[in-house]
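Mind the numbering: the sequence shown is residues -17 to 315 in our numbering, read in order.
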Amino acid sequence: MSTNNKKLNPGLLELDLFCKGMKIDQSCDLEHDARMVTRTRAGLGSGLEIIIPVHSEDIYMNVPLLEKFVKDSPYTLIKRNGQYIVTKEGIDVAVIRLPRQPAFYTQKTSNGTLMSRVGTMQGTYLAVYPAQVCGYWKPEDKVNCRFCSTGLNVGYSEEGEKRVQDVVETAIAAKKQEGVTFVHFNTGYYDGNELDIIEPYVRAIKEETGLLVGVQCPPCKDLSKYNKLKALGVDHLSFCFELYNPEYFQKYCPGKHKTLTQQAFFDAMVYASKLWGKGRVSGEIIAGIEPIEDTLKAIDYITSVGAFPTICVFRPTLGTEMEDYPSPKYEDM
-17 MSTNNKKLNP
-7 GLLELDLFCK
3 GMKIDQSCDL
13 EHDARMVTRT
23 RAGLGSGLEI
33 IIPVHSEDIY
43 MNVPLLEKFV
53 KDSPYTLIKR
63 NGQYIVTKEG
73 IDVAVIRLPR
83 QPAFYTQKTS
93 NGTLMSRVGT
103 MQGTYLAVYP
113 AQVCGYWKPE
123 DKVNCRFCST
133 GLNVGYSEEG
143 EKRVQDVVET
153 AIAAKKQEGV
163 TFVHFNTGYY
173 DGNELDIIEP
183 YVRAIKEETG
193 LLVGVQCPPC
203 KDLSKYNKLK
213 ALGVDHLSFC
223 FELYNPEYFQ
233 KYCPGKHKTL
243 TQQAFFDAMV
253 YASKLWGKGR
263 VSGEIIAGIE
273 PIEDTLKAID
283 YITSVGAFPT
293 ICVFRPTLGT
303 EMEDYPSPKY
313 EDM
């Protein structure tokens, strides 16, 4: 389908917005009508949360606003007669909704911590980066993934380390106010101790809230630790190996290449897929950096081992080493 077709399929519109971003017209009042633009975790939540209405199930997405490539976007968000409308070169293409700012964002935990610095809403789930900044960002040996902004965010726009009780209280507030059913934890690299660090958070959320829990950590070479994680009640596990092409993996994920290797991600994903069963484990990759043929191979590989692929459209986030890298082409995506 041509991107010039104003009846663009909602899923294709989502992809095009990921690739091109969107400008904001002065008629919009995002301060009162939308969730604040947050810069947390690895950076992909750094845009505007919108809902593209679809008959069967709404599409939640995070649209780039601030990145350099957005200045060339044909898309503009306008507000007209109380409705928010995405326009393309002046033509209306979709009436959308903006999820409102969660009330808990301005609430504080019993420890006095602002809840928006503990967890953030991404779509309909609560996202939490519970521990210290990823070890790859440590200044003495900075080998962070070149597209990641975790080291620019953790300790600045969010708490450097979150207390377990703060996370539980934030999750309870998100459940009551926003109907959250899923809490997603992700960590950086901590010398193989990632699952041990995440354990008390998972246990507390499961015991005190009953919410579904997802975990994304670097692969643990002691595969038996995954048995313990499953016993804790983790519902979903994802392995973010980012790039399938080994040369691109080495170039853009130097820390992961140096300390873990790509094979460690594959081994852990295969083990966990067998342990959890189909539909519970995902392999997460970035589309738009390596050749598209490699992305397609990655999808085939992930599904062949009983996992499911989660494809993130690359975003050259401000402040990262790849902020000047071109945004992916819609046609490729």
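Quick reminder that beta carbons are idealized off the backbone N, C-alpha and C, glycines included.
For clarity, every value in this text was computed on a predicted model and none was experimentally measured.
For the putative contact between residue i and residue j, defined by C-beta atoms under 8 Å, what is the C-beta separation to the nearest angstrom?
i    : j    : result
K188 : L214 : 6 Å
T91  : E151 : 5 Å
C1   : M315 : 6 Å
V149 : Y183 : 6 Å
T243 : F129 : About 19 Å separates the two Cβ atoms, so there is no contact after all.
V295 : G270 : 6 Å
Provide the residue span of the beta strand (DSSP E) that contains residue i, from first to last.
i    : result
G265 : 263 to 269
P291 : 290 to 295
E224 : 218 to 224
T102 : 102 to 104
V19  : Element bounds for V19: n/a, residue is neither H nor E.
V110 : 107 to 110
Q198 : 194 to 198
D74  : 73 to 78
I'd like the span of the alpha helix (DSSP H) that includes residue i, first residue to last.
i     : result
P273  : Careful: P273 lies outside any alpha helix (DSSP H) and carries neither H nor E.
T152  : 146 to 160
L(-1) : -8 to 2
V252  : 244 to 258
A113  : Counting along the chain, A113 falls outside any alpha helix (DSSP H), and DSSP gives it neither H nor E.
A85   : Where A85 is concerned, there is no enclosing alpha helix (DSSP H), given that its DSSP letter is neither H nor E.
L211  : 207 to 213
P236  : 236 to 241
E13   : 12 to 15
In the DSSP output, what is residue i paired with across the bridge?
i    : result
F164 : L194
I6   : L59
L96  : K90
K70  : Y57, I73
The segment 225 to 240 contacting the segment 203 to 211, beta-carbon criterion three pairs below 8 Å: Contact check between the segment 225 to 240 and the segment 203 to 211: fewer than three CB pairs, one atom from each, fall below 8 Å, which does not count as touching.
Does the contact criterion of 3 or more C-beta pairs under 8 Å hold for the segment 239 to 248 versus the segment 290 to 304? With contact defined as three or more Cβ pairs closer than 8 Å, the segment 239 to 248 and the segment 290 to 304 are not in contact.
Counting pairs of beta carbons, one from the segment 60 to 70 and one from the segment 113 to 123, are three or more of them closer than 8 Å? With a cut-off of 8 Å, the segment 113 to 123 and the segment 60 to 70 do not count as touching, because too few Cβ pairs lie within range.
Hey, which unbroken runs of the beta strand (DSSP E) at 3 residues or more fall wholly within the segment 28 to 68? Positions of the beta strand (DSSP E) runs, each at least 3 residues long and wholly inside the segment 28 to 68, are given as 30 to 34, 41 to 45, 57 to 62 in order along the chain.
Check whether the segment 107 to 119 and the segment 215 to 230 touch, using three or more Cβ-Cβ pairs below 8 Å as the test. Short answer: they don't touch.
Given 8 Å as the limit, is there contact between the segment 46 to 55 and the segment 26 to 36, that is, 3 or more CB pairs closer than that? A contact exists between the segment 46 to 55 and the segment 26 to 36.
Cβ contact check for the segment 157 to 173 and the segment 257 to 267: 3 or more pairs under 8 Å: No, because fewer than three Cβ pairs between the segment 157 to 173 and the segment 257 to 267 fall closer than 8 Å, the two stretches do not touch.
Closer than 8 Å is the cut-off here; do at least three beta carbon pairs connect the segment 165 to 177 with the segment 194 to 204? Here the segment 165 to 177 makes contact with the segment 194 to 204; the two share three or more CB pairs at distances below 8 Å.
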